[in-house]
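Take a look at the structure set out below.
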Amino acid sequence: QSSVTVYGIVDTGFSSIDNGTDRTNGLSSGNNSASRIGFKGLEDLGGGLQTEFKLENGISTDDGSGGSGFSRYAYIGLNGAFGKIRMGRQDNQISEAIIKLDPFSAAGVGNARNFYAGGGVPQRQPNMLTWLSNNYGGFSGSLGYIFGEVEDDNSANRGIGAQLSYENGPLNIQLAYQKQNYNGTTNVLGFSGTGADLDDKNILLGATYSFAALKLHGFYGERKLEGPATVAALGTGNFNDKIRTAMLGITIPLGASAIRADYIQNDNKDIDDADNNAWVASYTYSLSKRTTLYATYVRTDNDDNSVMSVSGPSAANFTAGENGSGAYLGINHKF
Amino acid sequence: QSSVTVYGIVDTGFSSIDNGTDRTNGLSSGNNSASRIGFKGLEDLGGGLQTEFKLENGISTDDGSGGSGFSRYAYIGLNGAFGKIRMGRQDNQISEAIIKLDPFSAAGVGNARNFYAGGGVPQRQPNMLTWLSNNYGGFSGSLGYIFGEVEDDNSANRGIGAQLSYENGPLNIQLAYQKQNYNGTTNVLGFSGTGADLDDKNILLGATYSFAALKLHGFYGERKLEGPATVAALGTGNFNDKIRTAMLGITIPLGASAIRADYIQNDNKDIDDADNNAWVASYTYSLSKRTTLYATYVRTDNDDNSVMSVSGPSAANFTAGENGSGAYLGINHKF
Amino acid sequence: QSSVTVYGIVDTGFSSIDNGTDRTNGLSSGNNSASRIGFKGLEDLGGGLQTEFKLENGISTDDGSGGSGFSRYAYIGLNGAFGKIRMGRQDNQISEAIIKLDPFSAAGVGNARNFYAGGGVPQRQPNMLTWLSNNYGGFSGSLGYIFGEVEDDNSANRGIGAQLSYENGPLNIQLAYQKQNYNGTTNVLGFSGTGADLDDKNILLGATYSFAALKLHGFYGERKLEGPATVAALGTGNFNDKIRTAMLGITIPLGASAIRADYIQNDNKDIDDADNNAWVASYTYSLSKRTTLYATYVRTDNDDNSVMSVSGPSAANFTAGENGSGAYLGINHKF
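Residue numbers (the working numbering), protein chains in the order written: chain A, 25 to 359; chain B, 25 to 359; chain C, 25 to 359.
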């Protein structure tokens, strides 16, 4: 029994979503951080070697629904003098960087990944090999390789990523590159579609700096879609689309409370009237180390050809050009 | 690890089902109480405040099948001087009352919810907010609100419920009201169909009384279906259908053994030849606090336009007007 | 918490599969033994009586996918002077015997069940009643009955099995018989199809013998398919098909390491050019009692009308008459 730990998060709250036309009220799950249940373990193998695993599934604690398997993490790794090597379903490199930079730690309705480059950036990925370095004087990094597992074609559906961190006292700098190929898959960039040979290339640079009373967060990224594809949200074509994205955020710790806010702006350089931006503000109050009350507000502004939505009850459908908003009030409990 | 408890029930037994025409023999799960696996926790927050959660999924321990997610319970709550507030998937109010009144505690093949008003009464529901009062001199109660989560229409698919309990020594009185709207949903009253704007209204009054050697159980309820709908079992129309239901039951504790029995009669006031009734008898023998052997017999009597079935192997199909019966012999183990 | 144990295996590795035409590279799960998560318990009831349960689900730790429910085991049992009685989803008798005879313990890509009689032999089955005897001077046995659960027909889809073991010092002898009927089911012998009234009869005899430096493994079996059916892999007809299968294997323990290998030959007596064979070799190195590194190679040789595949990334499609091979390198961790 000591060889496995059962853990998770139950996060449920009231939500009120405006899709620009109508309002939907209800309960929703994972507003502050995704509701989940997981199993993890760490074994000391001696000689400085460890093996660890994590199996983690996302769940919906408003209605009890949830997929089978482990939708979030399913990896095993070896840790040693060489760093950490992991195989399975895990965060890709751009995701690792956003987690460190986002005031909301890439979690919940304020998750910067939901809004980065208009949404849809791949995050956790299957069939992935990762190397995470040890820390060398504040510098650390990671490399990732995602097997495409296509017959007779190692490059189709392949992903590669690299991340470099520098942490020194109050300063944290993150640089990440991620390239993902889509070839014959039916899910492209999180949308239904078919990528004939589409490359999704991302580069991101950001930093956080902690002052006495607050912490500043910022990143700047560029995303390029290159190649032929048919994507529900984007149409059919030989894409050569560049999106530039910038985030500015702040965290103000106030004892048991905290205020967090950020603004994300996406500038589509190749598709007209497809820019969008989002801003998020939250207030949290910790009842204990494990239990937190939260109130969060999210707003997205869309150009006529953009659909960047906010999270909430599934009935809330978003259409192009409409601005959305969501208000969330709930409780997050870690176990 | 102390912050979460893994628990559940494995209940499997032989079952022999007669659908009025043919007999089906096999194994079935959850005959005495539903096989399940769950994760729960309770955190003391200080100042008389607690937070608790429960995530519980139903499983079939005869064949290993089971849905994903948590089909039974998925809620988080705050407990304090104000009582208990819970959000998520949980029992509605009429279900809370039946659990207290039924000799079978609304569990297993004898579950009075299976037979109340001909079957199909909603029990656990998603997106539900509940308040459970503390006990005031024997009186307690609960209120429930089920969000319909329909865009621009807070009343569609909404449910509300109220329950009042009085417990004093050997006496337990339960009064419950439950109203559920069905609007555009594809599952109406547990049947496939579409409710254009159907209201399902239930009121239930019952009591149990414990004598030295036995306990008596009884309830009387009325269910009204009002409004337009298309329901597989009921046809298409503007419903105005009233069903009256009555239950009489007994529990006879005999040391490690117990005998339970009840009779439920449903009187459909508006549809001809649609009355039905059921009776259930069981003998249980506890091998320990956690492990119980059981033998249970269930019988349903249907009018020509009624299909009230008994639980068992899925191959046993029931048709209108046939009387069904089931015999179950198995083991129930709590962990 | 003491009443349930959470346990499992995470097994992930690199795999390179050749389907005879093309190669597919990637990660795959369960190469050395199936990745899984389970919940089990054992309660002492006093008087020499125990109750035990096991709920175990297969998972894919390369991509996090997995079915709902418990695809591997879901049973409850009573243990006593009479032996063990179990109800639910569990190993059938021929599977119990192969587990004891196979150098790979019927696990992972080398699992002899994958190659026995050309593959497709039923193993774990639902709605099954099993009796396992105690050990009497080295002799033990088990009997199994699988309920078909067909209305008004107890013999349709029914399975029966018997197994006899003799274990004495270095010697282990296994004899098993298994008969499974397929009647109107859509899955026949692991293939899509419909058995009108097909019997699948298996008889298997084998032994292992441990010398000082190595252990020898062998079995010989005969499988008969009798009766009318339509099976995707075999066509439509009134089957009267006999397959003879033989396995020879070796285990060489080398301290923390071990070498295992076997060869399985299948001789189809009634269908021309449908013979096939497989050989498997593995090297394992244990980092601890719970964590093992492995390298495994599998090869299958198919006649023109045979498709016996090797395990690996799902994209690797096998066609009739092609020989397949797979190489696997990974880590297996028990928790």
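Yeah, the Cβ is synthetic: ideal placement off N, Cα and C, and Gly gets one too.
Of the candidates A:R96, A:Q187, A:K124, A:R96 places its Cα closest to the Cα of R148 of chain A. S119 of chain B carries a helical assignment under DSSP once its states are collapsed to helix, strand and coil. For D176 of chain A, the C-beta contacts it makes with chain C under 9 Å involve T45, D46, R47, T48, in order along the chain. Here N43 of chain C carries a coil assignment [DSSP, helix/strand/coil]. Chain B places no beta carbon closer than 8 Å to that of F63 of chain A, leaving this residue out of the contacts. Taking all protein chains in view, the Cβ of N158 of chain A is surrounded by fewer than 16 other Cβ atoms within 10 Å, so the residue is classified as exposed. Shown in chain order are the members of the segment 90-114 of chain A whose Cβ falls below 8 Å from a Cβ of chain C: S92, G93, F94, S95, R96, Y97, A98, Y99, I100, L102, M111, G112, R113. Note on L222 of chain C: 16 or more other CB atoms within 10 angstroms of its CB, so buried under the neighbour-count rule. The segment 72-81 of chain A makes contact with the segment 94-109 of chain A; the number of CB pairs closer than 8 Å reaches 3 or more. By the CB criterion at 8 Å, D87 of chain B and N151 of chain C fall inside the cutoff. In terms of beta-carbon proximity, L79 of chain A lines the interface with chain C, with at least one pair separated by less than 8 Å. Judged by DSSP secondary structure, P146 of chain A falls outside any beta strand (DSSP E); it is assigned neither H nor E.
Under the three-state reduction of DSSP output, K124 of chain C falls in the helix class. Taking a C-beta distance under 8 Å as the contact criterion, G230 of chain A and A141 of chain A do not qualify as a contact pair. Excluding the 5 residues flanking it on each side, T275 of chain A has same chain C-beta neighbours closer than 6 Å at P127, K239, R284, in chain order. If you check the CB distance, V334 of chain B and I41 of chain B come in under 8 Å.
With 16 or more neighbouring CB atoms inside 10 Å of its own CB, S306 of chain C falls in the buried class. Of the candidates A:N138, A:K225, A:T316, the residue whose Cα lies closest to the Cα of V322 of chain A is A:N138.
Considering only B:G161, B:V212, B:F63, B:Y318, the residue with the shortest C-alpha distance to G193 of chain B is B:G161. Per DSSP, the unbroken beta strand (DSSP E) holding D265 of chain C starts and ends at 259-278.
Between the segment 338-355 of chain A and the segment 45-60 of chain B there are fewer than three C-beta pairs closer than 8 Å, too few to call the two in contact. The beta-carbon distance between T315 of chain A and N347 of chain A, rounded to whole angstroms, is 33 Å. This is too long to meet the 8 Å contact definition. Taking 7 Å as the Cβ-Cβ cut-off, the segment 307-319 of chain C approaches chain A at L311, S312, R314, T315, given in chain order. In chain order, E173 make up the part of chain C whose C-beta sits under 7 Å from the C-beta of P337 of chain B. Between G172 of chain A and T36 of chain C, the gap from beta carbon to beta carbon reaches 8 Å or more. Under the DSSP assignment, D224 of chain B falls in the beta strand (DSSP E) whose first and last residues are 222-234. Straight-line measurement puts the Cα of S349 of chain C at about 25 Å from the Cα of G208 of chain A. Against chain A, a Cβ distance below 9 Å from L51 of chain C picks out M111, G112, P150, N151, M152, L153, F171, E173. Here the alpha carbons of D115 of chain B and N329 of chain A stand approximately 44 Å from one another. The beta carbon of G336 of chain B lies closer than 7 Å to those of S39, I41, T48, S52, G350 in the same chain, with the five residues before and after it left out.
Sequence-distant Cβ neighbours of N262 of chain B in its own chain, meaning closer than 6 Å and more than five residues away, are P252. Following the DSSP letters along the chain, one finds L240 of chain B inside the beta strand (DSSP E) bounded by residues 239-255. The three-state secondary structure of V34 of chain A, taken from DSSP, is strand. Distances from the alpha-carbon of G134 of chain B to those of B:K266, B:I288, B:S281, B:S27 put B:I288 closest. Its Cα nearest to that of R182 of chain C, the residue B:G50 stands out among B:K313, B:G50, B:K248.
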